[in-house]
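Undergrad: In the working numbering, the protein residues as written are 240 to 540.
Ideal Cβ positions, reconstructed from N, Cα and C, are used throughout, including at glycine.
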Ligand code: GLU
């Protein structure tokens, strides 16, 4: 018997939901619901300095207005530091982490990884320089290819040691890094299907590496295209993407289905949310999602 499918949506409360975030929510929701599985909601407020007061509550309201129904209580990362600390302690006990004294300025000359972060040059790997104290904690990354088959983007391979190097698990400000938090949370919730935006594709090999070191199973991955504005920029708070909380949910949902290649019949947007959702759950097909990292959605830019 196939284990029950568990999906999740994990927005960061750094602003209101825009069209791109709704697309990710719709894709993960339909994947879980079509399989008769559960769909969990997690507010990713681990990065407290980036959290905007009231944004999480606004996101929950918007999701409810769109007719999303999540299973179980909402998980807040800010309440889960004990779980992250326990995972870090396990890695420490196995010799996988080391303290790092480097400042951002000291690493300014390092090469850039695919996602624009600095590749760690290995300065503190063999021990802290004399007189320096650990600021952050990094994973000791061993060379080797991490590969997985993404349901939308196809085969992805990366040598994390070569491309990223020893990445941060606990930051200099004491906060746990997103990479650690997401892996611990998904594993503890039993998530089997990670469906999210392709902007996170480059993080996935790091997350798979952490799953292996912590003895967690690796979920299936599907990285949906992200929506871009007319200038080709990913819709985000930085590009001043419009919030969808005041918009007509049925219209936005129909547009999200269209964006995801599902070709909803035109009259469905007029039929009301419940009919639209039922059609979407019945007809959802990951095969129809455009095999691309970015797709323009100029109307929502
Ligand atoms: N919190 C991340 C974001 O809003 C998503 C993380 C994930 O889905 O793994 O971009």
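Just list the residues that DSSP pairs residue 535 with in beta bridges.
TA: The count along the chain shown starts at 1 and reaches residue 535 at position 296. Looking at the DSSP assignment, residue 535 forms a beta bridge with 467.
Undergrad: Whole angstroms are fine: how far does the CA of residue 247 sit from the CA of residue 432?
TA: If you number the chain shown from 1, residue 432 lands on position 193. If you number the chain shown from 1, residue 247 lands on position 8. Their Cα atoms are separated by approximately 8 Å.
Undergrad: Please list the segments of the beta strand (DSSP E) lying wholly inside the stretch 342–407, counting only runs of 3 or more residues, in order along the chain.
TA: 375–378, 384–389, 393–398, all fully within the stretch 342–407.
Undergrad: Between the stretch 256–274 and the stretch 478–497, do three or more beta carbon pairs fall short of 8 Å?
TA: Flag = yes, the stretch 256–274 and the stretch 478–497 touch.
Undergrad: Please determine, among 357, 335, 500, 434, the residue with the shortest C-alpha to C-alpha distance to residue 212.
TA: For residue 212 there is no data in the structure shown, the boundaries of the chain being 240 and 540.
Undergrad: Under three-state DSSP, which class holds residue 451?
TA: Along the chain shown, read from residue 1 onward, the residue named residue 451 stands at position 212. Helix at residue 451.
Undergrad: Contact check, residue 460 vs residue 389 under 8 Å by CB: the rounded distance?
TA: If you number the chain shown from 1, residue 460 lands on position 221. If you number the chain shown from 1, residue 389 lands on position 150. Right, their Cβ atoms sit about 5 Å apart.
Undergrad: Are there any heavy atoms of the ligand GLU lying less than 6 Å away from the beta-carbon of residue 274, as far as the coordinates show?
TA: Translated into the one-based positions of the chain shown, residue 274 becomes position 35. Result no, Cβ not under 6 Å from the ligand GLU.
Undergrad: Suppose the cutoff is 7 Å on Cβ atoms and the five residues either side in sequence are ignored; what does the same chain contact list for residue 490 look like?
TA: Numbered from 1 along the chain shown, position 251 holds the residue referred to as residue 490. These residues qualify, in order along the chain: 508.
Undergrad: Any chance the CB of residue 283 is under 6 Å from a heavy atom of the ligand GLU?
TA: To locate residue 283, count along the chain shown from 1; it is residue 44. It does: the Cβ of residue 283 is within 6 Å (strictly closer) of some heavy atom of the ligand GLU.
Undergrad: Compute the Euclidean distance between the alpha carbons of residue 408 and residue 298, then round it to the nearest angstrom.
TA: Locating residue 408 in the chain shown gives position 169, counting from the first residue. Locating residue 298 in the chain shown gives position 59, counting from the first residue. So the alpha carbons of these two residues sit roughly 27 Å apart.
Undergrad: Which residues in the same chain as residue 412 place their Cβ atom closer than 8 Å to its Cβ, once the five residues preceding and following it in sequence are excluded?
TA: Within the chain shown, residue 412 is the residue found at index 173, counting from 1. Once the five neighbours on either side are set aside, the close Cβ partners of residue 412 are 288.
Undergrad: Who are residue 460's beta bridge partners in DSSP?
TA: In the chain shown, the residue the question calls residue 460 occupies position 221. Per DSSP, 433.
Undergrad: Note down, in chain order, each residue of its chain lying with its Cβ closer than 7 Å to the Cβ of residue 309, except the 5 sequence neighbours on either side.
TA: Residue mapping note: residue 309 aligns to position 70 of the chain shown, counting from 1. Excluding positions up to five away in sequence, the list reads 278, 279, 280.
Undergrad: Residue 280 bridges to which residues according to DSSP?
TA: As a first step, residue 280 is located in the chain shown; it is residue number 41 there, counting from the start. Per DSSP, 248.
Undergrad: Below 6 Å CB to CB, which residues in the same chain sit around residue 316 once its five sequence neighbours on both sides are set aside?
TA: The sequence position of residue 316 within the chain shown is 77, counting from 1. Cβ within range, chain order: 283, 284, 285, 420.
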